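To keep things clear, I will list the structure first and then write my remarks on it.
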Amino acid sequence: MTARVQEAQQLFANGLAHHRAGRHAAARQCYEAGLALLPGQPDASFLLGQLLFEIGEHASGEVRMRAVIAAHPAALNYRQGLAIQLFNAGRFGEARLIYEELLSSLPAGAAQEVIRREYALTLTRAGEVDAAIVQWQALTHGTTPDAWRQLARLYADTGRDDLALAAIDRQLARPLHAAASAAGVVNPVASAALVASARAGDWCTRADIHERQGEREAMLGDLLEAVALTPDDAALRGRLGLALLRAGLGDAAREQLDRAASLAPEEAAWHFNRGLAYAAAGLRETACAAYERALALAPEAPATLTNLANQYAALSRPGEATALYARALAADPEFAPAHFNLAMAQLDAGCRLDAAESLAAAAALDPENGLIAAHLLFQRLHLCRWDGLVELQQRVIRAIDENSADVPPFIVLSMPGTTPQLQRRCAENRSAALARGLASASVAEAPASAASARSPGQRLRVGYLSSDFKNHATAFLMIEMLDAHDRERFEVIGLSYGVDDGSAMRARVAASVERFVDLAGLPTREAVAQIAALQLDVLIDLKGYTEGNHSEWLQYRLAPVQINWLGYPGTLGAPWVDYLIADPVVAPLEHQWMFSERLLHLPASYQPNCRQRASAPPSTRAAEGLPEGALVLCSFNQTYKITPEIFAVWLDVLRQVPQSVLWLWASNPWAERELRRVAEAAGIAPARLVFAEGRAQAEHLARLPLADIALDTFPCNGHTTSSDALWAGVPVISLQGEAFAERVAASLLVAAGLPELVATSREAYRALILRVCTDADWRQSITARARALRVDSPLFDSVAFARRLESLLLDAHRQPLAAGSADRGR
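If you're matching positions, the sequence shown starts at 1 in full-length UniProt numbering and goes up one per residue.
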C-alpha cells in the first residue's frame with residue numbers, strides 16, 4: 001500500500017470520526033482532502049454526499065450519493081444510506097421507493113429485517129397507517145425488538161385501543177433489554193438507564209390508552225410502573241402528579257409534584273403544577289409560594305400571574321390580586337382566564353359594571369366557555385342589560401348538558417328558559433365537582449357520625465349550618481322558630497361560618513341556640529372536625545348553593561341525617577344530602593324526580609316566618625317619592641330576577657292602567673337607567689318607575705304598606721320579599737311554574753289563604769294584575785285579608801311551625817336513608 005493511499009485512508013477515518021461527533025466542518029475537510037489523494041473512493045464519496053445533505057447542501061449531496069450508487073449498483077448499503085437521508089429530510093415517498101427496491105433484492109434474514117424496519121418507519125411517518133401496520137406485523141415474527149411497540153402506537157393513534165393494548169402488552173412481555181430499542185440502543189447490554197427509559201415509555205403508551213378509555217385506575221397503575229422504572233424523571237413524576245390530582249388523590253398528587261419540582265427546580269411548570277395541587281387542597285399559603293417560585297422563573301406567564309392573583313384574592317389581599325391580573329393582561333391581553341378572574345375580584349369590590357365588562361371581554365375570547373357565559377348572563381340580569389341573553393343561555397345549557405364547565409346552580413335558578421331538568425343536571429354536575437375537590441383536599445377523612453340509638457327521653461341533637469346568622473333574610477325568617485324549639489326534646493346548635501357583623505340579630509341567634517359554634521375562617525380540616533365531634537343526629541344546611549356556602553362539608557357525612565332547607569330553592573344533586581324540606585305546593589310528591597333528596601313535607605309552607613317584627617313608624621308616599629293618588633305596584637326583588645318577559649307584562653299593565661306606577665328596589669344605578677330606557681321605548685314615561693333605596697328591615701317593613709299590590713318575579717320568585725309583603729298586608733300576585741324556585745310565592749299564598757292570587761301562565765298573570773288594578777272592590781277585599789295575616793294566619797305562627805318541623809325531624813331520624821338508597825329522588 002502506497003503512502004498516498006495510507007494517507008487518504010487516515011483522512012477518511014478521521015473524517016468519519018469527526019462526522020459521527022457532529023464536527024461537520026472538520027469532517028468535510030478530511031473527506032475532501034482524502035478524495036483529492038484518492039479520487040473516486042466510493043465509501044468516502046458517499047460519506048461526503050451524506051455530510052453535504054445533512055448540512056443543508058441537499059442538491060450537491062444527493063448528486064454525489066446517486067453518482068456512487070450508479071457506479072456501484074450492487075452495493076445495497078449505498079441505496080439504504082440515501083433512503084435514510086431522504087427519510088430524514090421528510091421525503092418519505094422517495095425513501096419508500098428505495099426501500100421497496102431493497103426488499104425485493106434481499107433474501108429473508110437479518111439484513112432484510114433491518115430494511116423492513118426502516119421501511120415500516122417510513123410508512124409510519126408518511127401517514128400510510130395500514131401499510132405500516134402490515135410491515136410491523138411482519139416484523140413481530142422476527143427479532144425486531146420494538147415491533148409490538150410501534151404497532152401499539154399506530155393502533156392507538158387510529159383509535160383501535162383494544163388492539164393497541166394487546167400490542168403494548170406483548171411489548172411489555174418481551175425481555176427487558178428489548179425495551180431499549182425506542183431509545184436507539186441495539187446492544188442487549190445497553191445501559192440500564194436507557195433500557196428503563198424505553199420500558200417506561202411503553203407503560204406511558206399504555207397509560208395514554210387507558211386515559212383515553214376513561215380507565216383512570218388502570219392509567220394510574222401504568223404511570224406508577226413507569227415512575228418505578230425511572231424515578232428521577234421529573235416530567236414523568238409531574239404527569240403522574242397531575243393525573244393523581246385529576247383523580248382526586250390530593251396527598252399523592254402533591255407528593256409527586258413536590259418530587260418533580262425538586263428534580264427540576266429550574267422548571268417553572270412543576271412549581272406551577274404544585275400551585276394547582278396546593279390550591280385545590282385549600283392550602284393557599286403553600287400554593288402562593290409555589291406560584292411565586294414559578295413566577296420568578298417565568299415572570300410574564302399569564303396563567304401563573306392569574307392563579308397567584310386568585311390565591312391573593314382568596315386570602316383577602318385584593319390590591320395585590322388586582323395588580324397581578326393587570327400584569328397577566330399586559331403579558332397577554334387575550335388571556336381569557338385573567339379577564340374572568342379580574343371580574344370576580346371586581347364583583348367582590350362592588351364594581352359590578354367593570355365586572356360585566358371584564359366578563360364580556362372573557363366571553364369574546366372564549367365564547368364556548370359555559371362558566372364565563374353563566375357569570376356574564378347573571379351580571380347582565382343584575383344590570384338589566386338583556387341584549388344577547390338568548391345566546392348566553394344557549395351556551396350555559398350546552399355546558400350543563402356536556403358537563404364541560406362548573407356552572408353555578410344558583411345562576412340557573414333565575415336564568416330565562418330554565419327548567420327543573422336543567423337545574424337538577426347542573427346541581428349534580430356541581431356535586432360531582434365537589435366530590436372531586438374533596439378527594440383532592442388536604443383533609444383527613446372525618447369519621448362518619450354513626451346513627452345513634454336515642455334512649456327514651458334523650459334529646460335529638462340538631463345542627464343548623466349557615467353563614468347567614470346576622471342581618472340576613474335567613475335569620476329574620478327563622479329567629480322565632482329557633483326561639484320556639486322544644487328544649488326538652490331537642491338540643492339545638494348553631495354552626496356559623498359567616499362573618500360576625502356585630503348586629504343585634506347575630507346576638508339574638510347566638511342566644512336562641514344552646515351552643516353557637518363559630519367556624520368562620522377555619523380550614524376545612526378544622527371545621528369538619530369540630531362539627532363531627534358534636535355527634536349530631538341531624539345536620540341542616542341552610543345555604544345550599546347560594547353565595548359563600550360550604551355545602552361541600554356535608555360530604556364528610558357529619559350527621560346520620562343531612563337535610564337541605566330554606567336557603568337554596570332547589571335540589572343540591574348530592575348523594576350525601578338525604579332530604580329536602582318542602583311542602584305540597586312548592587314541591588309536590590309528583591315532582592320528586594326533580595330532586596336527588598327525598599322530599600319531606602311540612603303541612604303548610606316550608607318557609608318559617610316571624611309574627612313579631614320590629615317596624616319603624618309608618619312612612620308616607622311623599623317621603624318615598626310616590627304620587628299620592630297613584631295605584632302603586634311594587635316589586636322589591638333584586639333586579640337579576642326581573643326578566644325581559646316579566647318586565648314586558650308590567651309595562652303592559654302600566655300602559656293599560658294610566659294612574660299606576662311601578663315601585664322597584666334600587667339594586668344598582670345601571671339597572672335603573674336600563675329599566676327606564678326600556679320603559680320609555682315602550683311608550684311609558686320613565687318617571688312612572690320609582691326606585692326605592694335599600695333600608696334597614698324595620699324601615700323597609702314600615703314603607704311596604706304604601707304599595708297597593710306586590711308583583712312577583714319569574715322564573716325565580718320572591719322568597720323573603722314575598723313574605724315581607726304579606727306580613728305588611730300587601731297582596732302578592734305570583735306566576736307559578738314547575739320548579740321549586742317558581743313556586744315559592746305560591747306556597748306562601750296558599751298557606752296564607754290567598755290561592756286566587758296565583759297564576760299559572762303569563763297571560764293569566766297579566767290578567768290577574770289587571771283585575772286587581774281595575775276592580776277596586778276585589779282589591780279592597782284581598783287587601784283586607786292580607787292585612788289580617790300577621791295577626792291570625794298560620795303562616796306567621798312560629799311556635800306551630802317549630803312543632804311541625806320537630807315532628808318531621810324526629811321521623812327522619814327514626815328512619816335515616818341509606819347512602820345510595822333507592823328511596824331518594826329519581
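No residue lacks a Cβ here, since even glycine has one placed at the ideal position from N, Cα and C. Note that the structure is predicted; figures quoted are calculated from it, not measured.
Under 7 Å Cβ to Cβ from residue i, same chain only, skipping five residues before and after it: list those, please.
{"i": "Ala698", "result": "Ala614, Ser615 and Ala616"}
{"i": "Ala152", "result": "Ala164, Ala167, Ile168, Gln171 and Thr205"}
{"i": "Glu7", "result": "Leu37"}
{"i": "Ala451", "result": "Here the model assigns Ala451 a pLDDT of 46, short of 50, so the residue's position is not dependable, and the following value carries that caveat. Correct list, in chain order: Pro560 and Pro816."}
{"i": "Leu749", "result": "Val732, Ser734, Pro755, Leu757 and Val758"}
{"i": "Asn471", "result": "Asp501, Ser503 and Met505"}
Note the first and the last residue of the continuous alpha helix (DSSP H) segment covering residue i.
{"i": "Val492", "result": "Not the alpha helix (DSSP H): Val492 falls in the beta strand (DSSP E), residues Phe490 to Ser496."}
{"i": "Tyr579", "result": "No alpha helix (DSSP H) holds Tyr579; the beta strand (DSSP E) holding it covers Tyr579 to Ala582."}
{"i": "Val412", "result": "Pro409 to Ser414"}
{"i": "Ser360", "result": "The residue asked about is misnamed: residue 360 is Ala in this sequence, not Ser. From DSSP, the alpha helix (DSSP H) with Ala360 extends over Arg352 to Leu365."}
{"i": "Leu689", "result": "Where Leu689 is concerned, there is no enclosing alpha helix (DSSP H), although the beta strand (DSSP E) it sits in stretches over Leu689 to Ala692."}
{"i": "Cys610", "result": "Where Cys610 is concerned, there is no enclosing alpha helix (DSSP H), given that its DSSP letter is neither H nor E."}
{"i": "Tyr640", "result": "Where Tyr640 is concerned, there is no enclosing alpha helix (DSSP H), given that its DSSP letter is neither H nor E."}
{"i": "Glu806", "result": "Ser798 to Arg814"}
{"i": "residue 827", "result": "There is simply no residue 827 to check, as the chain begins at 1 and stops at 826 in what is shown."}
{"i": "Ile133", "result": "Val129 to Leu139"}
{"i": "Trp270", "result": "Ala268 to Ala280"}
{"i": "Phe340", "result": "Ala336 to Asp348"}
{"i": "His24", "result": "His24 to Leu37"}
{"i": "Met594", "result": "Taken as a continuous stretch (DSSP letters only), Met594 belongs to no alpha helix (DSSP H), as it is neither H nor E."}
Taking all protein chains shown into account, do 16 or more other C-beta atoms lie within 10 angstroms of the C-beta of residue i, making it buried, or fewer, making it exposed?
{"i": "His141", "result": "exposed"}
{"i": "Thr230", "result": "buried"}
{"i": "Gln41", "result": "buried"}
{"i": "Gly370", "result": "buried"}
{"i": "Gly109", "result": "exposed"}
{"i": "Ala819", "result": "Since pLDDT at Ala819 reaches only 48, below the 50 mark, its modelled position is unreliable, and the value read off the structure follows with that caveat. Burial call: exposed."}
{"i": "Ser104", "result": "exposed"}
{"i": "Glu402", "result": "exposed"}
{"i": "Ser466", "result": "buried"}
{"i": "Ala444", "result": "With a pLDDT of only 45 at Ala444, under the threshold of 50, the placement of this residue in the model should not be trusted; the figure read from the coordinates follows. Under this definition Ala444 is an exposed residue."}
{"i": "Gly127", "result": "exposed"}
{"i": "Arg814", "result": "exposed"}
{"i": "Ala778", "result": "Here residue 778 is Trp; the residue named in the question, Ala, does not match the sequence. By the neighbour-count rule (16 or more Cβ atoms within 10 Å), Trp778 is not buried but exposed."}
{"i": "Ser449", "result": "Because the pLDDT of Ser449 is 49, which lies under 50, any placement of that residue in the model is unreliable, and the question is left without a value."}
{"i": "Arg677", "result": "exposed"}
What residues match up with residue i in a beta bridge as DSSP calls it?
{"i": "Ile709", "result": "Leu633"}
{"i": "Ser660", "result": "Leu631"}
{"i": "Arg515", "result": "Ile493"}
{"i": "Asn564", "result": "Asp541 and Leu580"}
{"i": "Trp727", "result": "In DSSP, Trp727 forms no bridge with anything."}
{"i": "Trp665", "result": "Ala692"}
{"i": "Ala759", "result": "Leu735"}
What is the residue span of the beta strand (DSSP E) that residue i lies within?
{"i": "Gly463", "result": "Leu460 to Ser466"}
{"i": "Ser734", "result": "Val732 to Leu735"}
{"i": "His601", "result": "Arg598 to His601"}
Identify, in the order they occur along the chain, each residue of the same chain with its Cβ nearer than 8 Å to the Cβ of residue i, setting aside the five sequence neighbours on each side.
{"i": "Val653", "result": "Leu633, Ser660, Arg766, Ile769, Leu770 and Cys773"}
{"i": "Leu389", "result": "Leu377, Arg380, Leu381, Pro416 and Pro644"}
{"i": "Trp670", "result": "Arg352, Leu353, Leu383, Cys384 and Arg385"}
{"i": "Arg743", "result": "Val585, Val586, Ala587, Asn717, Gln736 and Gly737"}
Between the options, which has its C-alpha nearest residue i's C-alpha?
{"i": "Thr122", "options": "Gly282, Gln135 and Trp270", "result": "Gln135"}
{"i": "Ile493", "options": "Tyr464, Ser503, Glu645 and Leu359", "result": "Tyr464"}
{"i": "Val546", "options": "Arg149, Arg743, Leu572 and Thr720", "result": "The amino acid occupying residue 546 in the given sequence is Thr; Val does not appear at that position. Ranking Arg149, Arg743, Leu572 and Thr720 by Cα distance to Thr546 puts Leu572 first."}
{"i": "Val758", "options": "Val585, Asp792, Arg803 and Asn668", "result": "Val585"}
{"i": "Ala630", "options": "Val649, Trp663 and Ala648", "result": "Trp663"}
{"i": "Asn307", "options": "Asp258, Leu342 and Arg779", "result": "Leu342"}
{"i": "Ala764", "options": "Val517, Val649 and Val791", "result": "Val649"}
{"i": "Glu255", "options": "Glu267, Ala268, Glu266 and Gly275", "result": "Gly275"}
{"i": "Arg174", "options": "Asp161, Tyr155, Ala198 and Gly159", "result": "Ala198"}
Distance cutoff 8 Å, beta carbons only. Does residue i sit that close to anything in chain D?
{"i": "Ser807", "result": "The structure shown contains no chain D, having only a single protein chain."}
Near residue i, what residues of its chain come up, given a Cβ to Cβ distance below 6 Å and the 5 sequence neighbours on each side ignored?
{"i": "Arg621", "result": "Glu628 and Leu706"}
{"i": "Ala234", "result": "Ala260, Leu263 and Ala264"}
{"i": "Val185", "result": "Low per-residue confidence applies at Val185: pLDDT is 42, beneath 50, and the placement is therefore not dependable, though the value from the model is reported in the following sentence. Result list for Val185: Leu194, in chain order."}
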